[in-house]
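Residue numbers (our numbering): 21 to 322.
Here's what the structure looks like:
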């Protein structure tokens, strides 16, 4: 956040219109002066413009302001690449425009956002302005007071805060999200490594307990058991292969018998057709013989 311009009208000891252009002061400057010269009022005005409340308990309206005088604080500030302007007017008792006496004038607030064409109205209700300013700056009124405008004598209280309270405030000031993410990841990896180490330790202890008082003898027995298991595994694999071969042979035999049956049936069908053909040939031969004898029979009849 960067302050650009502060304009005050009848605020604190500043009578009339007062403008402070921060752009002319450069990146770093010192607010100094004698006691009662109005240094704290500048910070009160900034806080009041942003959040509607001063840093301390001091009255924001100048004691020298008349009932008809205009009283307001106008702050031009920048957050990142965005430029904003907020103006607030405190609630006051003012003279009636018609007739005698006074009337109560409620507080007012307005927020503008800088566009290429100029200042564009953004919010004009106190509650909406409060919420928008808090969202833009990223700090509540209390956090802004503690972090940016640390009052005189309050730094000791900051030092006396507990670790969690100071951490929350410092996290608002510095980009610690990435560091926190790395720390969380490191802690997670450490927990995983510790868990794996415990599992390995438990496994080693279980192995030591299973070996008993004579680990060499236990290892020899385990080696013999392993060798026996390997032999049994080899035999089982051989039996499995033999069974597979037998099953394959049986399948081949069944297929061969089926093919033989089909061939036998086809042979029988061919034999039957051959017998039918022979019978037909004999019938044709007899017919031809009968046809050959027909002229002789006719001659005899004549």
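Note that CB positions come from ideal geometry on N, CA and C, so glycine has one too.
So if DSSP puts residue 114 in a beta bridge, which residue, or which two residues, is it bridged to? Paired residues: 123.
Do you know how far the Cα of residue 128 is from the Cα of residue 37? Rounded to whole angstroms, residue 37 to residue 128 spans 18 Å at the Cα level.
Would a C-beta distance cut-off of 9 Å place residue 139 and residue 145 closer than the cut-off? Going by C-beta atoms, residue 139 is not nearer than 9 Å to residue 145.
Rounding to the nearest angstrom, what Cα-Cα distance links residue 74 and residue 206 in this structure? Taking the straight line joining both Cα atoms gives about 43 Å.
Counting Cβ pairs closer than 8 Å, one from the stretch 40–48 and one from the stretch 113–123, do we hit at least three? With fewer than three CB-CB distances shorter than 8 Å, the stretch 40–48 does not count as touching the stretch 113–123.
Have a look at 142, 68, 216 and flag the residue whose alpha-carbon is nearest the alpha-carbon of residue 111. Considering only alpha carbons, the answer is 68.
Going by CA-CA distance only, name the one from 86, 30, 255, 218 that's closest to residue 115. The candidate whose alpha carbon is nearest that of residue 115 is 86.
Go to residue 102, then tell me how far its alpha helix (DSSP H) extends in each direction, as first and last residue. Per DSSP, residue 102 is not a residue of any alpha helix (DSSP H); the beta strand (DSSP E) it occupies stretches across 102–109.
Supposed close pair residue 70, residue 164 - CB separation, criterion 8 Å: Between residue 164 and residue 70 the Cβ distance is about 7 Å, and since that is below 8 Å, they are a contact.
Where residue 87 sits in the DSSP three-state scheme: When DSSP states are grouped into helix, strand and coil, residue 87 belongs to the coil group.
If residue 84 and residue 108 are in contact, beta carbons under 8 Å, what's the gap, nearest whole angstrom? Residue 84 to residue 108, Cβ: 19 Å. No contact.
Please state whether the Cβ-Cβ distance between residue 94 and residue 104 is less than 9 Å. For residue 94 and residue 104, no; Cβs fall outside 9 Å.
Residue 59 beta carbon less than 9 Å from that of residue 51: Contact flag set, yes.
Quick check: what's the CA-CA separation for residue 80 versus residue 101? Answer to the nearest angstrom: the Cα atoms are 30 Å apart.
Could you check what DSSP says for residue 78 in three-state terms: helix, strand or coil? Of the three classes helix, strand and coil, the one that applies to residue 78 here is coil, per DSSP.
Sorted by chain position, which residues of the same chain lie with C-beta nearer than 7 Å to residue 89's C-beta, five sequence neighbours on each side aside? Once the five neighbours on either side are set aside, the close Cβ partners of residue 89 are 30.
Burial state of residue 99 (16 or more Cβ within 10 Å): So residue 99 counts as exposed.
What number of angstroms, rounded off, separates the C-alpha of residue 151 from the C-alpha of residue 118? Each residue's Cα considered, the two are about 36 Å apart.
Can you tell me the Cα-Cα spacing of residue 254 and residue 265, whole angstroms? Distance between the alpha carbons of residue 254 and residue 265: 17 Å.
Would you kindly report the start and end of the unbroken beta strand (DSSP E) that includes residue 128? Counting along the chain, the beta strand (DSSP E) containing residue 128 begins and ends at 128–135.
DSSP three-state label for residue 29, please. In the three-state reduction of the DSSP assignment, residue 29 falls in the strand class.
Which term fits residue 251, buried or exposed, when burial requires 16 or more other beta carbons within 10 angstroms of its beta carbon? Here residue 251 is exposed, its C-beta having fewer than 16 other C-beta atoms within 10 Å.
If you measure between the beta carbons of residue 168 and residue 28, is that distance less than 9 Å? Taking 9 Å as the Cβ cut-off, residue 168 and residue 28 do not qualify as a contacting pair.
Contact belief for residue 82 with residue 162 at Cβ below 8 Å, rounded distance in angstroms: Actually they are not in contact, since the Cβ atoms of residue 82 and residue 162 sit about 26 Å apart, beyond 8 Å.
The beta strand (DSSP E) that contains residue 96, what's its start and end? Residue 96 -> beta strand (DSSP E) spans 92–99.
I need the straight-line Cα distance from residue 248 to residue 208, nearest angstrom please. Between the alpha carbons of residue 248 and residue 208 lies a gap of roughly 45 Å.
Taking just the CA atoms, how far does residue 224 sit from residue 218? Residue 218 and residue 224 have their C-alpha atoms roughly 10 Å apart.
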